[in-house]
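Notes for the one structure printed next.
Numbering (my numbering), first residue to last: 140 to 749.
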């Protein structure tokens with residue numbers, strides 16, 4: 140009897156047919172589907188995830204009392220004043236990223252209440268890679284004697300800006316200038332800068348009816364409070380180094396931030412000065428101002444049991460609870476605002492322990508889920524107010540449907556403004572034109588980052604060469620699994636509305652040392668180090684037409700070096716038998732219509748072809 144072939148095969152010992160599922164190709168882009176995320180504060184409502192009034196935290200490079208240059212945490216700047224004419228004190232802050240927030244007081248004269256902020260549509264802090272116009276500190280004052288509170292700013296570089304309130308007593312209005320330079324106040328004959336980390340306080344210190352300018356500075360350990368006497372008139376203040384005087388010496392205190400108040404009720408203005416170490420320093424006047432006599436340090440002010448805060452502070456004064464006594468309002472390095480209520484008398488103030496102010500968190504933490512292992516920005520350091528990036532699923536955002544992988548998707552868009560009093564319109568801050576920030580090559584080329592042009596790479600990383608309404612998402616892989624001469628498929632999916640254009644970039648870099656680096660020369664304290672290295676890079680880019688429906692972009696890639704072809708051999712031997720190291724980077728950019736554009740990205744893949 141003959142068996143059928145199929146049965147015969149089963150009858151042969153050791154012979155079997157196996158059905159196997161081919162292994163799914165590995166995606167070399169970790170988290171390319173945006174499933175892994177981390178939570179971030181959504182601070183456009185001015186409230187952090189724990190419910191406190193807050194702005195962004197950060198550091199700047201500054202000289203310490205030891206003479207070294209270090210990253211220093213800087214406090215949020217805070218001011219108190221009635222900005223809407225309801226006779227209740229409001230709070231204005233400027234954070235380390237340069238965003239201006241107003242918390243209108245919705246309480247009573249004796250019980251203040253602050254909910255969420257309204258964003259002021261002005262941005263003066265466009266970074267240029269050198270910390271300039273960073274760390275803004277503000278002063279609220281009626282500089283033009285119009286009955287409205289104007290704004291004066293000092294910055295890291297030692298510049299002073301004057302921003303007029305062009306609104307009414309009940310509706311303040313501050314307008315974005317076409318160029319921030321138009322707001323500059325000259326404080327020297329030729330416009331040269333004579334100190335840095337300026338903290339201004341506008342006040343009629345000389346008693347002649349026009350507001351003078353007090354300036355705390357942070358250039359070095361011998362910091363001081365300077366007085367610039369106003370030589371203009373009520374509508375046009377004017378200051379000059381010819382009328383600049385030392386008002387108070389810091390005596391080793393650094394990053395001085397002054398607030399003016401009659402501390403002891405004698406009818407003359409005194410100074411409360413915050414510093415880098417977190418102390419509130421009192422300087423008392425001895426009668427009317429004398430240009431030949433500086434104010435003397437009197438004491439450190441304690442708030443309850445607190446005589447020193449944890450880090451740099453920026454104080455302000457205002458009567459928050461309507462008892463006729465000034466309270467201390469303090470900006471802290473954690474981005475929050477604290478108040479120490481005055482329980483003393485006009486002649487002898489006494490302050491409670493500081494309490495950080497709470498508000499109403501409009502947008503909870505789940506609105507800001509940033510994808511892990513990606514660098515993503517939607518103009519946060521470029522003035523793109525109410526712009527945000529996050530990840531969403533179909534439950535969070537039905538407009539994202541159908542999500543390609545059925546799970547999460549990257550999203551950039553705009554939140555609806557919370558402004559009810561302050562006039563608001565979306566801003567577009569143009570790209571930086573500073574040659575220092577853009578040095579080193581075309582900042583559109585992500586290969587700058589891979590080649591180690593770190594100064595230019597910093598500019599690329601922060602998108603200095605882009606307008607504020609451009610979203611940039613980037614992946615950078617050191618010692619990547621990507622190799623030269625191998626065929627890859629690069630793909631991703633996008634959709635959106637109000638998207639003007641989409642661009643993508645990929646870059647690949649190789650490097651190997653052929654000999655040990657050697658010191659070949661010395662000059663002063665510096666040395667010259669030379670080595671025999673070879674490095675090369677290749678890149679590709681393309682444009683995508685925006686679509687309201689999901690569309691897939693696919694490109695075949697094979698990276699081959701042409702300048703140093705030895706790098707195409709992954710087994711090539713360098714010094715100490717080292718082999719080449721490779722770096723891979725990709726970047727996707729999209730320009731959104733201000734205030735309304737939405738961009739989605741998902742399923743980013745780089746797969747080796749079999």
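From the three backbone atoms N, C-alpha and C, an ideal C-beta is built for every residue, glycine too.
Host beta strand (DSSP E) of residue i (start-end)
i	result
residue 691	690–696
residue 238	Neither: residue 238 is in no beta strand (DSSP E) and is coded neither H nor E.
residue 656	Where residue 656 is concerned, there is no enclosing beta strand (DSSP E), given that its DSSP letter is neither H nor E.
residue 553	548–553
residue 530	526–531
residue 507	No beta strand (DSSP E) contains residue 507, which DSSP labels as neither H nor E.
residue 469	466–470
residue 631	627–636
residue 514	514–516
residue 746	737–747
residue 210	208–212
residue 216	216–220
residue 703	Element bounds for residue 703: n/a, residue is neither H nor E.
residue 460	Looking at the DSSP string, residue 460 is not in any beta strand (DSSP E), and its letter there is neither H nor E.
DSSP beta-bridge partners of residue i
i	result
residue 442	445, 490
residue 680	644
residue 397	412
residue 300	292, 323
residue 177	509
residue 724	615, 646
residue 384	366
residue 420	412, 439
For residue i, three-class secondary structure by DSSP
i	result
residue 143	Note on residue 143: pLDDT 43, under 50, position unreliable in the model; the coordinate value appears next. In this structure, residue 143 counts as coil in the three-state DSSP scheme.
residue 182	helix
residue 481	strand
residue 198	strand
residue 353	strand
residue 316	coil
residue 714	helix
residue 343	coil
residue 620	coil
residue 454	strand
residue 248	coil
residue 729	strand
residue 495	strand
residue 277	strand
residue 433	coil
residue 204	coil
residue 734	coil
residue 570	coil
residue 361	coil
residue 538	helix
residue 257	strand
residue 226	coil
residue 168	coil
residue 310	coil
residue 544	coil
residue 672	strand
Local Cβ density within 10 Å of residue i, reported as buried at 16 or more and exposed below that
i	result
residue 394	buried
residue 348	exposed
residue 499	exposed
residue 487	exposed
residue 203	exposed
residue 280	buried
residue 671	exposed
residue 566	buried
residue 607	buried
residue 226	exposed
residue 722	buried
residue 435	exposed
residue 169	exposed
residue 525	buried
residue 210	exposed
residue 228	buried
residue 262	buried
residue 508	buried
Counting pairs of Cβ atoms below 8 Å between the stretch 534–550 and the stretch 251–265, do you hit three or more? no
The stretch 424–431 in contact with the stretch 445–457 per 3-pair CB rule at 8 Å: no
If you pair each beta-carbon of the stretch 531–550 with each one of the stretch 331–349, do three or more pairs fall below 8 Å? no
Counting pairs of beta carbons, one from the stretch 684–691 and one from the stretch 642–655, are three or more of them closer than 8 Å? No contact exists between the stretch 684–691 and the stretch 642–655.
Check whether the stretch 527–535 and the stretch 229–237 are in contact - that is, three or more C-beta pairs closer than 8 Å. Contact between the stretch 527–535 and the stretch 229–237 is absent, because fewer than three Cβ pairs lie under 8 Å.
Flag this pair as touching only if the stretch 371–391 and the stretch 211–223 have three or more C-beta atom pairs under 8 Å; answer yes or no. Cβ pair count under 8 Å is below three, so no.
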